[in-house]
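Visitor: Below are the structure tokens for one structure; questions will follow.
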Amino acid sequence: MLLNKKGERLITGTVIFVILNLTVIIVLIVAVSRSGSGASLSEEAYAKQIALLIDAAKPGTTLNIDITEIYLLARDNNINPNVFISCETNEVYVRAAPGQGYRFNFFTELKQCDFTIDNAKRRLTIRI
Amino acid sequence: MFLNKKGDEKYLSPWNILIWIILIGTIVIALGMFNSAKTDIRSEEARILAHRVIDCIIQDGKTLAPLTENFDLLEKCNLNKKIIEESGAFYIGITLTDLNTNEIIEQYSVGDKDLKFQCALKKDEEQFASCYTEKVVITDSTDRNLLLEIKTASNHVGGDSL
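Quick note, the sequences are listed as chains A and B, same order. Mapping of the first sequence onto this note's numbering: position 104 corresponds to residue 104, and the numbering continues sequentially without gaps. Plus 1000 on top of the position in the second sequence (first one is 1) and you've got this note's numbering.
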């Protein structure tokens, strides 16, 4: 059908050019919208705030932290919210969007590793 | 597929790829700068660390323990050894001075000493550690007035495990 081979190559090249450009633009839009939604920023902010609270608390303190925002962001991103405190590695881990989540270290040596998450009240309780 | 080399260059030229890299790089750097500026808590960490040390070594206006080489500050203050000492992200420096003679009686430090020099150099350089200094006047067992100076520094940016 296409007798003109130069024209055929031109169409193929243009299609590939458009597909590549669209791929780059889509990747950028996804990355910017993810960042713009505040998911990654909230993961980081919550991880750092929880770590600071643990470091600033005196022994015997019970911390009750409202993590509703993490639940809402996770729901918007169709994933299960994940907030975890590792006493072995002294880490707070928060995940509210697809990706690796965010981890942040606290410098306090916890005598007991006692934390619970109340899914109904969307509350994290840590006993220092 | 691209038999015509002219066409090949036209659609997948190094310039095109370079433009994509510049575009992506600019957006990634801009977003990174925006996010990191909002969540930099190094100065808060340094302040909390200093107060933790003060709370655990001073009681009723007296030092609790002599700051000798065998003194284990991290153990006494419930601070994680791996994070404070080995990560290179924290520094704690304690100086005890006799207020009457201005003589330094004891000095103690733990953590990355390089951060101490970063504190001295730091003005607006964001990559340098954030520092905090607290001075407390105390009395020892012989009722000497002593100045306890605690310098702490944090360069804990986060994102990766220490």
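The beta-carbon is built from N, C-alpha and C at its ideal position, and this holds for glycine as well.
Where does Leu1147 (chain B) sit, in a helix, a strand or coil, going by DSSP?
Guide: Three-state result, Leu1147 (chain B): strand.
Visitor: Helix, strand or coil, according to DSSP, for Leu110 (chain A) in the structure here?
Guide: Of the three classes helix, strand and coil, the one that applies to Leu110 (chain A) here is coil, per DSSP.
Visitor: Determine whether the Cβ of Leu1079 (chain B) lies closer than 8 Å to any Cβ atom of chain A.
Guide: For Leu1079 (chain B), the answer is yes, since a Cβ of chain A falls inside 8 Å of its Cβ.
Visitor: Mapping DSSP to helix, strand and coil, what is Ile29 (chain A)?
Guide: Looking at Ile29 (chain A) - three-state DSSP - the assignment turns out to be helix.
Visitor: Considering just the uninterrupted stretch of the alpha helix (DSSP H) at Phe1117 (chain B), what are its terminal residues?
Guide: Segment Asp1114 to Leu1121, the alpha helix (DSSP H) holding Phe1117 (chain B).
Visitor: Which class does Cys1131 (chain B) belong to by DSSP, given the choice of helix, strand or coil?
Guide: Of the three classes helix, strand and coil, the one that applies to Cys1131 (chain B) here is strand, per DSSP.
Visitor: Please state if the CB of Asp114 (chain A) and the CB of Arg103 (chain A) are separated by a distance shorter than 8 Å.
Guide: Result no, Cβ atoms of Arg103 (chain A) and Asp114 (chain A) do not sit closer than 8 Å.
Visitor: List the residues of chain A that Leu1096 (chain B) touches, going by C-beta distances under 9 Å, in chain order.
Guide: Simply none; closest approach about 23 Å.
Visitor: So, is the C-beta of Trp1020 (chain B) closer than 8 Å to a C-beta in chain A?
Guide: Output row for Trp1020 (chain B): interface = yes.
Visitor: Which bits of chain B does Leu28 (chain A) rub up against, with CB to CB less than 7 Å?
Guide: Near Leu28 (chain A) (Cβ distances below 7 Å), the residues of chain B are Ile1024 and Ile1027.
Visitor: In angstroms, rounded to a whole number, what distance separates the CA positions of Arg42 (chain A) and Asp1098 (chain B)?
Guide: The sequence shown places Ser at residue 42 (chain A), not Arg. So the two alpha carbons sit approximately 47 Å from each other.
Visitor: For the beta strand (DSSP E) containing Val1053 (chain B), name the first residue and the last one.
Guide: Unbroken run through Val1053 (chain B) is the alpha helix (DSSP H), Arg1042 to Ile1057; no beta strand (DSSP E).
Visitor: Residues of chain A with a CB under 7 Å from the CB of Glu1044 (chain B): which are they?
Guide: Under the 7 Å cutoff, chain A gives Leu52.
Visitor: Should Val92 (chain A) and Ile67 (chain A) be called a contact, given that it needs their Cβ atoms to be closer than 8 Å?
Guide: Their beta carbons are not under 8 Å apart, which means Val92 (chain A) does not touch Ile67 (chain A) by this criterion.
Visitor: Is DSSP giving Ile1153 (chain B) helix, strand or coil here?
Guide: The question names Ile, yet the displayed sequence has Ala at residue 1153 (chain B). Three-state DSSP puts Ala1153 (chain B) in a strand.
Visitor: Ile1094 (chain B) to Asn1100 (chain B), Cα distance in whole Å?
Guide: Near 19 Å, if we compare the C-alpha coordinates of Asn1100 (chain B) and Ile1094 (chain B).
Visitor: Considering just the uninterrupted stretch of the beta strand (DSSP E) at Leu1096 (chain B), what are its terminal residues?
Guide: From DSSP, the beta strand (DSSP E) with Leu1096 (chain B) extends over Phe1090 to Asp1098.
Visitor: So the candidates are A:Ile85, A:Tyr71, A:Thr14 and A:Thr116; which of them puts its Cα closest to the Cα of Ile50 (chain A)?
Guide: Measuring from the Cα of Ile50 (chain A), the nearest candidate turns out to be A:Ile85.
Visitor: Verify the CB distance criterion: does Val83 (chain A) have a CB-CB separation below 8 Å to chain B?
Guide: With 8 Å as the cut-off, Val83 (chain A) does not count as an interface residue toward chain B.
Visitor: Could you tell me whether the Cβ of Ile1041 (chain B) comes closer than 8 Å to any Cβ of chain A?
Guide: By this cut-off, Ile1041 (chain B) is an interface position.
Visitor: If you reduce the DSSP assignment to three classes, tell me which class Arg127 (chain A) lands in.
Guide: It is a strand residue.
Visitor: Would you check if the distance between the CB atom of Ala1050 (chain B) and the CB atom of Tyr1108 (chain B) is smaller than 8 Å?
Guide: No. Outside cutoff.
Visitor: Between Thr125 (chain A) and Thr62 (chain A), which are expected to be in contact by the criterion C-beta below 8 Å, what is the C-beta distance as a whole number of angstroms?
Guide: Between Thr62 (chain A) and Thr125 (chain A) the Cβ distance is about 7 Å, and since that is below 8 Å, they are a contact.
Visitor: Mind checking the stretch 1086 to 1116 of chain B against chain C and listing, in chain order, the residues whose C-beta falls within less than 7 Å of any C-beta there?
Guide: The structure shown has no chain C; the protein chains it does contain are A and B.
Visitor: Verify the CB distance criterion: does Gly1158 (chain B) have a CB-CB separation below 8 Å to chain A?
Guide: Yes, Gly1158 (chain B) counts as interfacial toward chain A.
Visitor: Looking only at its own chain, which residues have a Cβ that is under 7 Å from the Cβ of Val1136 (chain B), when we skip the five neighbours before and after it?
Guide: Within the same chain, Val1136 (chain B) has close Cβ partners Ile1054, Ile1058 and Leu1148.
Visitor: Which residues of chain B have a Cβ atom closer than 8 Å to the Cβ of Val32 (chain A), listed in chain order?
Guide: Correct list: Ile1027 and Leu1031.
Visitor: Since Lys121 (chain A) meets chain B, which of its residues come closer than 8 Å, beta carbon to beta carbon?
Guide: Here the premise fails: no neighbours, minimum Cβ distance about 26 Å.
Visitor: Which bits of chain B does Asn90 (chain A) rub up against, with CB to CB less than 7 Å?
Guide: Here the neighbours are Asn1080 and Ile1083.
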